[in-house]
Structure formats: structure tokens, C-alpha cells
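Have a look at the structure below, then the notes.
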Amino acid sequence: MPAPGLDPFLGHCAERLAAAGVPSARTDAELLAAHVLGVGRGRIGALRLAGHVLAADDAERIDALVDERAARVPLQHLTGVAYFRHLELRVGPGVFVPRPETEELAGLAIEAAAAVIERRGSAVVVDLGTGSGAVAAAVASELPAARVHAVELSEHAAAWAEQNLAPHGVELRLGDLRTAFGDLDGSVDVVVSNPPYIPDGAVPVDPEVREHDPSLALYGGGADGMELPRAVERTAARLLVPGGFVALEHAEVQEAAMQDMFRAAGAWTSVAGHRDLTGRPRCTSAVRRDA
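So the sequence shown is residues 53 to 343, counted in our numbering.
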């Protein structure tokens, strides 16, 4: 491949991605180029304006990555990085790629734990089904006074989570969220979870999700996808101190079912729904009743 100018080369890459149905074609082309060149995306703009000419081997590497992205391999699998709040997380095949909407869930957990820390000086937080470790890492990095624990069932996902959680001192366990942390029963201040919640018969539309996110991280069990969310509710009731806080993510169509689940259980008060930045119902929270 001859050495091309960066600006026209990126334009061509973006056209290929758009033709393949990638919704963020120009952004993805620039991020892939930034990854290959070892610079930030902002630097790509400066190089374009300066008329930068790509080395032939760099152009070949970008071209190969664009081919993979056009085949709808997730961008984060190609760069190995996902951004979540202020964190740069390691991700790849075998782990659910954290989404921006889950930052709302992390924010709820951080706010609740911060209130406990203000009163008592420390807080215990548990993340059920941590996946890449995004939520647990966000809590631990933003609240150094919190003692954060996380559990993940998938060995593949846990390998990625270990990379993301170890720098923040989070204790990671390999296990089932239904039975995890028996040693912490009745001593946890905040439980947070982004459990699998897609109904068994629902197939995700986006190829990046359908073909690359692990099924274990997607399907919640049953026709309504609520088996694992119900398990989160039961585990949270077991773990939390009276007055403890739980929040979990869900599909926008599950808001009523989630709130009904907490109210029917009898262990909860202050059941509330929370919307993401697009205004869609995204999380439900509740407070553990006094015994």
C-alpha cells in the first residue's frame, strides 16, 4: 500500500464503515488510527490539518482494523480499551463491553456509599456480576474510603476484571451472585449490579452485541429476563445492613417489573426509578428495611 495522506485516508475508512452500517463511522475510523499511531484522538485532528502522511505499514494496520470493524467486531475489542467515567478499562473477547448508560448505575452506588462514608468514615460496597469490573473500579477509584468487593461467574470475564480491579484494591471473587459473600451477610452498605436481563427469546439487534458479547452476560433467564435480577434482589436483602442501598440496571421496558419485584419482596422501602442521559428508564434502587 502506498503511503497515503491521513485526511483522505480517514475519509475513505469512514465511508467503508458507514457502508457497513457502523453508526459512528468517522469517530471509529479516527479512534482506530489513533490506536495504531499511539496518540489521542485529538491529536489525529491536528495531524489531519497538518497534512500528515501515513507510513505505509501504519496505513496497512489501520486498513486491517477497519476491515474488522466493518465486519462489526466491537471497536473496544480492536483497541483493547473501553472508557467508563474517568477510567480506561482493559476489555476484549469474553467480557461484556461496558456501556455509557451504566455510568448512571455507578453514580448511584458512589453517591450512596459517599453518604455512608461521610457519616461513618468508611463503607462496604459489593458489585454482583462485575463483568469487566467497570462499576466496582469506578466506586473504588472515586471513593478510596470504600471497601469494594466484586463477584463474577465467568472465568473469561474475571480475567479481564482482575486487570481492571487490582490497581484499585477491589477484592474479586469467582462465583455465583446467588450465593456469593456469605461471610458478608448483614454487613454491606451498598449493593450494585448490572445483571444479565435480556429475555430468553429476545435477540439483540446490534451485531456487536449479538455476535460478540458473551451470552452469559446478556440473558437474564426466563421469558421476562428477570431470573437473575430476582436473584440480585434476594442476595442484596441478605447482604445489606438495615438502611443499606441497592441499585441495579435493567432494560427500559422492565422498569415496572423491577419496582414490582422490590415492593412484593417486603424487605424494601424507598423504591425508585432512575433515567439515563437519554431520558430512558435505566436503573431501579431501593433501601433495606429495618429488621
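Backbone N, C-alpha and C fix where the C-beta goes; we use that ideal spot for every residue, glycine too.
* Rounded to whole angstroms, how far is the Cβ of V187 from the Cβ of V244, which I believe are closer than 8 angstroms? -> Numbered from its first residue, the sequence shown carries residue 187 at position 135. Numbered from its first residue, the sequence shown carries residue 244 at position 192. Yes, V187 and V244 are in contact; Cβ-Cβ is about 6 angstroms, under 8 angstroms.
* Asked: Hey, would you say G94 sits closer than 9 angstroms to L58, going by beta carbons?
  -> Residue 94 sits at position 42 when you count from the first residue of the sequence shown. Residue 58 sits at position 6 when you count from the first residue of the sequence shown. Contact: no.
* **From S206, V177, D109 and V191, residue whose alpha carbon lies closest to that of V242** => By 1-based counting over the sequence shown, the position of residue 242 is 190. Of S206, V177, D109 and V191, the residue nearest in Cα terms is V177.
* **Integer Cβ distance of A210 from L224, believed to fall under 8 angstroms** => Reading the sequence shown from its first residue, position 158 is the one you call residue 210. Reading the sequence shown from its first residue, position 172 is the one you call residue 224. At roughly 7 angstroms, the Cβ-Cβ gap stays under 8 angstroms, so A210 and L224 are in contact.
* Asked: Cα-Cα, which of R151, V240, P196 and E120 is closest to A289?
  -> Here residue 289 is taken as the residue at index 237 of the sequence shown, counted from 1. The shortest C-alpha separation from A289 is found at V240.
* Rounded Cβ spacing between T154 and N216 (contact assumed at less than 8 angstroms) -> On the sequence shown, position 102 is the one that residue 154 refers to. On the sequence shown, position 164 is the one that residue 216 refers to. Actually they do not touch by this definition, with Cβ atoms about 14 angstroms apart.
* **Proximity test, Cβ basis, 9 angstroms: L89 and chain C** => In the displayed structure, chain C is absent; only one protein chain is listed.
* Thinking C-alpha only, which one of D342, V118 and P219 is nearest S193? -> Translated into positions along the sequence shown, residue 193 becomes position 141. Looking at the Cα atoms, P219 is the closest of the given residues.
* Buried versus exposed, by CB contacts within 10 Å (16 or more), S76 -> Your numbering for residue 76 matches position 24 in the sequence shown. Exposed is the call here.
* Asked: For I129 versus V118, is the C-beta spacing smaller than 9 angstroms?
  -> Numbered from its first residue, the sequence shown carries residue 129 at position 77. Numbered from its first residue, the sequence shown carries residue 118 at position 66. First, the residue type needs correcting, since residue 129 is His and not Ile in the sequence shown. Cβ distance not < 9 angstroms, so H129 and V118 don't count as in contact.
* Asked: Is there contact here, the segment 302-313 with the segment 276-289, by at least three beta-carbon pairs under 8 angstroms?
  -> yes
* **Continuous alpha helix (DSSP H) assignments of at least 4 residues falling wholly in the segment 272-313** => Counting whole runs of 4 or more residues, the segment 272-313 contains the alpha helix (DSSP H) stretches 279-291.
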